[in-house]
Amino acid sequence: MFHSNNKSTSKNSSYFKSVWNIYKYCFSEDKFTLTVSIIVMFISGIFESIGILIIIPIIEILTGRDPNELHIVSKFLFDLLNYLNIPINIIYVFIPFFILILLKSLGIILSNNYVNKIVHNLTEKNRRLMISSIATAEWKYFTKTQVGLISNVLNLETQGIAFASKYLVIFLNGIIQSLLYITTAFIISYTFSFGAIISGFLLFLILNELIKITKLSSINRRELYRENSVLSTDWITNIKAFKAMNLDNKIAQRMNNTIVKIKDVDILLSKMGVWIKGLQEPIGVFFLIITIIISVEFFNLELGALIVSIALFYRVFGKVGGIQSSINALVRGEAEIKGVENLINSINKYKEKYESSKKIPNFTDSIKVSNLYFSYSEREILNDINCEIKRGKITGIIGPSGAGKTSFIDLIIGLQEAKSGEILIGKESINTIDIRSWRDSIGYVPQTFTLLFDTIKYNLTLGDPNISDEDIYKSLELSGAIDFVNKLPNKINESIGQSGQKISGGQMQRLALCRALVRKPKLLILDEATSALDPETESALCNTFASLTPATTIIAISHRNAIEKISDVTYHINNGKLTKI
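In short: position in the sequence shown from 1, add 2, done, that's my numbering.
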């Protein structure tokens with residue numbers, strides 16, 4: 003679980019606490035891969051440090067230094083070469099130097115491959131977790147949540163977690179390499195070592211304020227991106243209506259205002275990154291000059307040791323700067339991690355309770371509703387509802403808009419729970435049956451049917467391999483859609499555009515019916531399925547519905563009277579009361 007204390011942002015320790023929390027969140031389930039990556043980093047760092055030390059004997063060979071005044075590193079290497087009966091010359095000193103640098107580079111490649119594996123696995127894991135949470139959430143969660151928000155978190159903010167995990171590894175690598183460089187520097191000159199430590203600490207303090215600004219700006223950036231994602235989703239979904247009334251520019255202007263704010267925040271974050279990186283070198287050179295003067299004037303540091311010490315100083319300072327930049331990136335990623343986790347937690351509060359041990363529904367007789375009461379947010383919707391839906395018949399439920407017809411259907415499907423009363427599926431209460439198995443036997447045609455930007459075949463099957471082309475054509479025939487589909491150039495493999503823009507409203511409703519029928523449902527629910535159609539098309543569809551019985555039980559709800567003409571039993575609902583006509 004990820005936790006962060008926003009009140010402590012003014013303290014340096016809060017950043018390291020954030021790093022620790024990100025570590026626990028990102029690598030709690032993949033410690034082995036991270037451990038291997040860190041070990042490889044450490045070994046690579048050792049190779050590089052030894053390689054840097056070998057530069058000292060290389061310089062001393064090239065400058066012809068007196069053998070009696072050699073640096074301790076040179077003496078050790080030359081003694082080793084003598085022991086191995088290897089001539090002491092520039093070639094045999096360069097060979098181990100090259101081998102060590104090659105091993106270091108191979109280690110970096112291997113470590114980066116491990117890091118990439120961690121990053122991509124983590125992105126996949128969080129997206130799968132998001133999708134799983136969405137798929138198992140109760141319907142009432144989606145009635146109060148913006149679709150654009152979920153889309154933004156799923157596609158963008160989960161990528162931010164990968165971003166954070168990558169920089170966490172870079173941060174750990176910076177710590178390891180810095181410690182190894184400092185250790186190496188101590189072997190050469192403790193003066194330079196202390197200078198590097200003090201300089202790195204001061205650099206961290208100087209740039210600390212910029213990281214604070216980055217953290218606050220990252221949270222603001224996340225919220226702006228969410229707002230823009232919600233606006234863009236709503237705008238594109240309703241673009242036809244907006245264009246028809248010349249209102250599309252109104253929403254576009256609001257989006258443009260948000261985009262300007264995003265630009266300002268992105269510029270600020272970029273500036274912070276540029277300043278953090280840009281200030282590292284001049285600050286580093288300033289402290290390097292001071293360290294060189296002290297080392298040469300007061301400690302008589304040799305030329306070879308001085309050159310290598312300068313190289314190590316730059317390495318240490320570069321790594322400290324990298325650590326600082328990593329923390330800057332981590333506080334940006336922290337906002338994304340908190341956003342993803344908060345959304346997943348909010349979805350999981352509405353998690354549907356599935357129990358596979360419950361009874362399999364046996365719809366062989368009827369659905370009986372007794373003394374049903376339902377309210378929503380203290381508002382009474384249904385009161386003392388009693389009715390029977392007989393198998394193989396058409397049961398019509400008519401009434402004005404807002405009377406509670408759709409709420410009644412939601413209770414039958416199990417999308418909502420009644421406050422009191424009982425719904426029996428056959429002889430079993432809906433509360434005691436496996437609700438997923440029950441929904442497997444339901445075909446549902448909603449009032450507003452949205453098609454995916456894909457082929458007719460995919461829109462009907464949603465990729466279910468158990469549904470054959472024969473099943474599709476049979477359902478097209480039952481729904482009355484076969485004629486217009488056969489006239490299309492690619493028939494069921496024809497793409498129907500964004501939200502079905504290439505076909506008419508009546509054709510779209512027939513495909514909605516076909517999607518429900520292709521699953522061979524025992525119960526077909528028509529929720530205002532004809533409300534948006536003209537009387538002629540509605541009458542044709544109603545005749546189609548009537549032809550489906552007695553093989554299929556139908557519940558048809560509407561606020562128009564066409565459904566009443568084909569129903570075996572009709573109920574009227576108004577003011578929460580249900581009466582048989």
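In this text, a Cβ means the ideal position worked out from N, Cα and C, and glycines have one as well.
Whole-angstrom C-beta distance between residue j and residue i, which should lie under 8 Å
i      : j      : result
Ile387 : Phe410 : 7 Å
Ile349 : Tyr27  : No, Ile349 and Tyr27 are not in contact; Cβ-Cβ is about 17 Å, not under 8 Å.
Gly197 : Thr293 : 3 Å
Ile24  : Leu332 : 6 Å
Pro523 : Gly445 : 3 Å
Ala139 : Glu354 : 7 Å
Arg393 : Thr555 : 5 Å
Val21  : Glu159 : In fact, because the Cβ distance is near 19 Å, the residues do not count as touching under 8 Å.
Distance, residue j Cα to residue i Cα
i      : j      : result
Phe100 : Lys106 : 10 Å
Ile312 : Ile45  : 23 Å
Leu587 : Thr145 : Within the shown structure, residues of the chain are numbered from 3 to 583, placing residue 587 beyond reach of any answer.
Gly162 : Lys340 : 10 Å
Ile400 : Cys389 : 14 Å
Leu174 : Ile200 : 20 Å
Gly109 : Lys265 : 39 Å
Glu225 : Lys214 : 18 Å
Ser297 : Lys77  : 22 Å
Leu290 : Asn230 : 47 Å
Ile369 : Glu530 : 20 Å
Glu380 : Ser569 : 33 Å
His122 : Ala164 : 7 Å
Val171 : Thr37  : 11 Å
Tyr532 : Thr147 : Sequence check: residue 532 is Thr here, not Tyr. Roughly 27 Å between the two C-alpha positions.
Ala558 : Ala564 : 10 Å
Ile58  : Leu314 : 12 Å
Leu308 : Ile61  : 11 Å
Ile527 : Ser372 : 20 Å
Ser497 : Ile469 : 19 Å
Asn14  : Ile285 : Confidence at Asn14 is low in this model, with a pLDDT of 47, below 50, so the placement of that residue should be treated as unreliable; the coordinate-derived value is given next. Their Cα atoms are separated by approximately 20 Å.
Ser403 : His561 : 6 Å
Ile189 : Tyr183 : 10 Å
Leu112 : Phe451 : 51 Å
Asn347 : Ser135 : 9 Å
Val586 : Ile74  : Absent from the model: residue 586. The displayed extent of the chain is 3 to 583, so no value can be given.
Asn302 : Ile295 : 10 Å
Leu515 : Asn344 : 38 Å
Gly335 : Asn259 : 25 Å
Leu543 : Leu131 : 41 Å
Gly508 : Arg228 : 35 Å
Secondary structure of residue i, DSSP reduced to three states
i      : result
Ser12  : Any reading at Ser12 must be qualified, since the residue scores a pLDDT of 42, below 50, and its modelled position is unreliable; the value itself is stated next. Coil.
Ala531 : coil
Phe365 : coil
Lys581 : At residue 581 the sequence reads Thr, which differs from the Lys that was named. DSSP places Thr581 in strand when its eight states are reduced to three.
Asn230 : helix
Ile498 : coil
His561 : coil
Val571 : strand
Gly398 : strand
Asn388 : strand
Ile48  : helix
Ile505 : coil
Leu525 : strand
Ile278 : helix
Thr555 : strand
Glu566 : helix
Asn258 : helix
Asn87  : coil
Asn576 : strand
Ala483 : coil
Arg130 : helix
Gly405 : The identity of residue 405 in the sequence shown is Ala, whereas the question assumes Gly. Note: Ala405 maps to coil in three-state DSSP.
Val520 : coil
Arg67  : coil
Arg393 : coil
Segments of 4+ residues assigned as alpha helix (DSSP H) that fall wholly inside the region 413-472: 437-442, 458-463
Any 3 or more C-beta pairs closer than 8 Å across the region 539-550 and the region 370-384: no
Segments assigned beta strand (DSSP E), at least 3 residues, entirely inside the region 304-382: 368-378
Touching by the beta-carbon criterion (3+ pairs, under 8 Å), the region 421-433 and the region 471-484: no
Length-filtered (4 minimum) alpha helix (DSSP H) runs lying within the region 137-181: 141-144, 149-154
At least three beta-carbon pairs within less than 8 Å, the region 151-162 to the region 89-99: no
Stretch pair the region 176-196 + the region 310-327: three plus CB contacts closer than 8 Å: yes
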